[in-house]
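A short worksheet on the structure shown next.
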Amino acid sequence: MWSWQEFEEQVRRLCEEHGFKTLFRHFFKDELGRAEIDVVAERGMIILCMDAKLYSGHRYRVSQIKREAKKHVERCKRFSKIKGKKAIPVLISFIDDAIYFHEGCIIVPFESLNTFLAEIYYYLAEFGYFP
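When you line the sequence shown up against the numbering used here, it's residues 810 to 940, in that order.
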């Protein structure tokens, strides 16, 4: 089992393998204060803001993932405002589940991250984002 730091590293590594330029553990500050995004992955017009959550099966709760997704969407709105470009919120979890969408955040199980990145345009279209 990975530590949360190793898990974030794996997310970054996979993004880079798919041609994304990454910022790792990126901090930013705005009028609401300081915030962090685990991995900012940029390729062309696509900017993915990824929050890596190392929930294992026994610690996993759907409601917890949904709460974190909602908070991550708000962080990404703040980041987008500073960046001047639309950032897409993505939450990566260490659980075996399907890729789904919750209140503006794409939730991707780590096991499916490679497929998600390989078929990024399909998923962005599926969830209403168009790069």
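For each residue, glycine too, the CB sits at the ideal point set by N, CA and C.
- With 16 or more other Cβ atoms from the protein chains shown falling within 10 Å of its own Cβ, L900 counts as buried.
- Within the segment 870–923, the runs of beta strand (DSSP E) that reach at least 3 residues and sit entirely inside it are, in chain order, 897–902, 909–911, 914–918.
- Residue pairing by DSSP places H835 opposite I846 in a beta bridge.
- In the DSSP assignment, R852 is bridged to I855.
- Each residue's CA atom was taken as its position, placing D839 and K892 some 11 Å apart.
- With a cutoff of 8 Å on beta-carbon distance, I846 and I929 are scored as not near each other.
- For the options R834, E935, G937, G842, the alpha carbon positioned closest to that of R887 is the one of G842.
- Taking the CA atoms as reference points, V849 sits about 25 Å from R870.
- Counted as a single uninterrupted DSSP element, the alpha helix (DSSP H) harbouring W813 occupies residues 813–826.
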